[in-house]
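Asker:
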Amino acid sequence: MAHALNWFEIPVADFSRAKGFYEKVLGITIEPMAMGPTLMGMLSSDSSAVGGAIVQGEGGVPSQNGTMVYLNGGDDLAPMLARVEQAGGAVVVPKTEIGNDFGFFAHFVDTEGNKVGLHSMK
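So the sequence shown is numbered by the working numbering: it starts at 360 and just counts up by one.
If you want it as structure tokens, here you go:
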């Protein structure tokens with residue numbers, strides 16, 4: 360097993376609103392994709408990396424509890440974190456050094472009510 364994680368899904372209640380939020384924060388374009396009654400938007404198209412999507416469908420409930428996904432904050436997560444509030448989210452843990460050369464992290468709540476993390480080395 361090369362990686363412990365290979366896919367994640369972030370549940371959303373309003374796909375259009377969440378799409379706009381993640382496009383602005385991550386600086387990407389999300390293409391909607393229907394899979395039956397489920398609507399998905401891929402956050403990465405690099406097949407060699409861990410993939411994930413925002414997902415609106417039965418059984419997916421946005422939450423600040425449970426498993427936390429940490430998105431790649433790039434070289435320095437500060438610019439990405441600065442876009443969170445501009446896009447309608449809330450920063451709940453500012454950029455924080457982890458120590459022992461493990462980099463930095465931050466937490467935010469997206470427009471759907473999910474608590475999500477960011478990680479970067481600077």
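We put the beta carbon where it would ideally sit given N, CA and C, even for glycine.
Would you say K378 touches the ligand PLP, meaning its beta carbon is less than 7 Å from a heavy atom?
Answerer: Looking for the ligand PLP in the displayed structure turns up nothing, as the structure carries no ligands at all.
Asker: Measure the C-alpha to C-alpha separation of N460 and L385 and round it to an integer number of angstroms.
Answerer: Position 101 of the sequence shown, counted from the start, is the residue given in the question as residue 460. Position 26 of the sequence shown, counted from the start, is the residue given in the question as residue 385. Contrary to the premise, residue 460 reads as Asp rather than Asn in this sequence. Their Cα atoms are separated by approximately 24 Å.
Asker: Report the partner residues of T426 according to the DSSP bridge assignment.
Answerer: The residue you call residue 426 lines up with position 67 of the sequence shown. DSSP lists no partner for T426.
Asker: Which residue or residues does DSSP assign as beta-bridge partners of G411?
Answerer: Position 52 of the sequence shown, counting from 1, holds the residue named residue 411. The partner list for G411 (beta bridge, DSSP) reads F367.
Asker: Are there 16 or more other CB atoms within 10 angstroms of the CB of N424, so buried, or fewer, so exposed?
Answerer: Within the sequence shown, residue 424 is the residue found at index 65, counting from 1. That one is exposed.
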